[in-house]
Each structure stands twice: as structure tokens, then as C-alpha cells.
């Protein structure tokens, strides 16, 4: 089947990565991954929750997976529907 047209944005890094068990949790408000806590990185844990809310408000989805750049790191994938209807002027 052919899916509806969409735009996909993928942002990858080469950091310590996110464990599979934590990949859904990182989108919860105030959640910080184990590696972030161990490294004592500054942060509030609200950034990805805001991303998820914004993407869902636009009828899209966001998820995290293993990095496509390196053996470590993470890739955040945003899918947004693409409306190809022409607007009248």
C-alpha cells in the first residue's frame, strides 16, 4: 500500500545513545536518561516532551532509534503529514 505523503526529518548524534528500554520514556516531561544522569548533564527533561507535543499537534509522530551515523548515539525521527492540496488565493 502507498502511505499518505509525508515529510521525514531525522536528527542523529554520536553521543552515548539511549537504551531501548528508555526510548519511549525520553518523551515524558522531566525524564532524563540513565546516561544523562550518570554524566550529570544539565537539563530539565522538558525539551523532548515539547517536541512530541508540537509534532502531535501537527498530526505527526516522533520516535528515537539507534543512530544512523555511528555505533553509538541516537536518531530522532519526526514524521509529519504533507498536505498537497493547493490553496485558493
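Numbering (this note's numbering), first residue to last: 534 to 622.
Virtual Cβ for every residue (Gly too), placed ideally from N, Cα, C.
On a predicted model such as this, the values are computed, not experimentally measured, just so you know.
I need the boundaries of the alpha helix (DSSP H) containing residue 582, first residue and last residue. 580 to 590
In the DSSP output, what is residue 611 paired with across the bridge? 542, 595
Note down, in chain order, each residue of its chain lying with its Cβ closer than 7 Å to the Cβ of residue 612, except the 5 sequence neighbours on either side. 539, 541, 593, 594
Please go through the same chain and pick out, in chain order, the residues whose beta-carbon is closer than 6 Å to the beta-carbon of residue 544, but skip the five residues on each side of it. 609
Reducing DSSP to helix, strand and coil, say where residue 570 ends up. helix
How many Å lie between residue 561 and residue 581 at the Cα? Spanning the alpha carbons of residue 561 and residue 581 requires a straight line of approximately 8 Å.
Within this structure, are the beta carbons of residue 547 and residue 606 separated by less than 7 Å? Yes. Within cutoff.
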